[in-house]
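Worksheet for the structure shown next.
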Amino acid sequence: EAQVTQNPRYLITVTGKKLTVTCSQNMNHEYMSWYRQDPGLGLRQIYYSMNVEVTDKGDVPEGYKVSRKEKRNFPLILESPSPNQTSLYFCASSPDRGPFTDTQYFGPGTRLTVL
Amino acid sequence: GQQLNQSPQSMFIQEGEDVSMNCTSSSIFNTWLWYKQDPGEGPVLLIALYKAGELTSNGRLTAQFGITRKDSFLNISASIPSDVGIYFCAGQLQSVNTGTASKLTFGTGTRLQVTL
Chain A
313 EAQVTQNPRY LITVTGKKLT VTCSQNMNHE YMSWYRQDPG LGLRQIYYSM
363 NVEVTDKGDV PEGYKVSRKE KRNFPLILES PSPNQTSLYF CASSPDRGPF
413 TDTQYFGPGT RLTVL
Chain B
352 GQQLNQSPQS MFIQEGEDVS MNCTSSSIFN TWLWYKQDPG EGPVLLIALY
402 KAGELTSNGR LTAQFGITRK DSFLNISASI PSDVGIYFCA GQLQSVNTGT
452 ASKLTFGTGT RLQVTL
C-alpha cells in the first residue's frame, strides 16, 4: 500500500531534550516536506526537499533541522525543543519536483507536546 | 512569510445547501490547491488549479483560479454530512522555466459543519 508513515504518532517531551520525528514514504517520491499545524494558523511549511541531499527552508524553519540522505526518508530533528514547538506535525511527499508536486500525500500526523 | 486569508473561518449549514468559501493572497501564485482534512488525519487534495481563470470540478466540488492570481474559490453543491471537515486552500509558486516547486503556503482553514 502506497503511504507516508510518521513515527512516533504522539510524543510528550521536556524542554531541551533532542528528538527526531521520522518520515518515510514507499512511493519513490522525489519531493518531501514537513508542516506544522496550529489552531487558527493552518499548516505552515517548515522545510522541504526536492531530492536527495537537497533541502530548503519553508516559512517557519527556526528551531528545526532536516536531512535527506535517502530518497524514502526525511526526518525532522528538534535539537533543543521548546514549548512553542508544541504542535501537530505532518510529513508529505509528492511524485515529482515538477508540476506534480501539488499532488502531495500526507502522513497521519505526529502530535508533539513540549513541557 | 506569505499569508493566505481564508474565509469564512467556520460555517454551519444544513444538508442539501450549497457552500462557498474563498482564499485571498497578498501576492500571486501560479498554482492553487484545495485540501480537505478529516479529524485525526492529514489533508487530502481535492482540486488543483494551474491557470488564471480556470474553473475545475470534482464531483460536487467546483473551484476557480482567480484572474488576478491572488485568489481562489471553492464551492460545494448539495452538501452531505460527510462534507464535514476543515477545508484548506494552498498556493504555490513554481518556476515557469524549470517547473521546480517552491514552498507551499496554506490558508488558515474553513471548518465546515453540516446539520441534518
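Chains A and B, in that order, give the protein sequences.
Residue numbers for the first sequence follow this note's numbering, so the first one is 313 and each next one is one higher.
Residue numbers for the second sequence follow this note's numbering, so the first one is 352 and each next one is one higher.
A virtual CB, placed ideally from N, CA and C, is assigned to each residue, including glycine.
key: Reduced DSSP secondary structure (H/G/I, E/B, other) of D434 (chain B)   = In the structure shown, D434 (chain B) sits in a helix (DSSP, three-state: H, G or I).
query = Applying a beta-carbon distance threshold of less than 8 Å, which residues of chain B neighbour T415 (chain A)?
reply = Those within 8 Å of T415 (chain A) in chain B are L396, A399.
7 Å Cβ shell around K402 (chain B) - same chain, five flanking residues per side excluded = Residues F416 of the same chain have their beta carbon placed closer than 7 Å to that of K402 (chain B), with the five preceding and five following residues left out of the count.
task = Would you list the one or two residues that DSSP bridges to L400 (chain B)?
result = As DSSP reads the structure, L400 (chain B) sits in a beta bridge with B:W383.
message = Please report the distance separating the alpha-carbon of G382 (chain A) from that of A404 (chain A).
response = The identity of residue 382 (chain A) in the sequence shown is Glu, whereas the question assumes Gly. Their backbone Cα atoms lie some 15 Å apart in a straight line.
Contact list for G354 (chain A) against chain B, beta-carbon separation under 7 Å = Neighbours of G354 (chain A) in chain B, taken as residues whose beta carbon is under 7 Å from its own, are F439, F457, G458, T459, G460 in chain order.
inquiry  = Does Q416 (chain A) come out as helix, strand or coil in the three-state DSSP assignment?
reply    = Here Q416 (chain A) sits in coil by DSSP.
inquiry  = With a threshold of 7 Å between beta carbons, is F363 (chain B) in contact with chain A?
reply    = No, its Cβ sits nowhere closer than 7 Å to a Cβ of chain A.
F412 (chain A) versus Y386 (chain B): straight-line alpha-carbon distance, rounded = Because the pLDDT at F412 (chain A) is just 47, under 50, the model does not fix this residue reliably, and the value given afterwards should be weighed accordingly. About 15 Å.
query = L406 (chain B) bridges to which residues according to DSSP?
reply = In the DSSP output, where bridge partners are listed per residue, L406 (chain B) has B:Q415.
inquiry  = Taking only three categories from DSSP, how would you classify Q337 (chain A)?
reply    = Strand.
inquiry  = If we define contact as Cβ-Cβ less than 7 Å, is Q318 (chain A) a contact residue for chain B?
reply    = Judged by the 7 Å Cβ criterion, Q318 (chain A) is not in contact with chain B.
inquiry  = If distances are taken between C-alpha atoms only, which option among B:L463, B:I437, B:F380, B:G404 comes closest to G354 (chain A)?
reply    = Scanning B:L463, B:I437, B:F380, B:G404 for the CA closest to the CA of G354 (chain A) turns up B:I437.
ask   = Using a beta-carbon distance below 7 Å, is G410 (chain B) in contact with chain A?
value = Residue contact check for G410 (chain B) against chain A: no CB pair falls below 7 Å.
key: Chain-ordered chain B contacts of P420 (chain A) [CB-CB under 7 Å]   = Correct list: E392, G393.
request  = Evaluate the contact criterion for the region 417 to 426 of chain A versus the region 356 to 367 of chain A: three or more CB pairs, one atom per stretch, below 8 Å.
outcome  = Too few Cβ pairs lie closer than 8 Å, so no.
key: Chain-ordered residues of the region 340 to 367 of chain A with a beta carbon less than 8 Å from chain B   = Residues are counted here when their Cβ sits less than 8 Å from a Cβ of chain B; for the region 340 to 367 of chain A these are Y343, S345, Y347, G352, L353, G354, L355, R356, Q357, Y360, M362, given in chain order.
key: Reduced DSSP category for Q318 (chain A) - H, G, I as helix; E, B as strand; rest coil   = In this structure, Q318 (chain A) counts as strand in the three-state DSSP scheme.
Proximity below 7 Å, CB of I427 (chain B) to CB of V465 (chain B) = Taking 7 Å as the cut-off, the beta carbon of I427 (chain B) is found no closer than this to the beta carbon of V465 (chain B).
Same chain only: Cβ atoms within 7 Å of D350 (chain A), ignoring 5 sequence neighbours per side = Residues of the same chain with a CB within less than 7 Å of the CB of D350 (chain A), apart from the 5 flanking positions on each side, are S399 in chain order.
message = To be precise: take each residue of the region 367 to 393 of chain A, compare its Cβ to all Cβ atoms of chain B, and keep it if any distance is under 9 Å. Which residues remain?
response = Cβ contacts with chain B come from D368, K369, G370, D371, V372.
message = Suppose the cutoff is 6 Å on Cβ atoms and the five residues either side in sequence are ignored; what does the same chain contact list for T425 (chain A) look like?
response = I324, T398.
request  = Compute the Euclidean distance between the alpha carbons of Q442 (chain B) and R420 (chain B), then round it to the nearest angstrom.
outcome  = For the sequence presented, residue 442 (chain B) should be read as Gly rather than Gln. Taking the CA atoms as reference points, G442 (chain B) sits about 10 Å from R420 (chain B).
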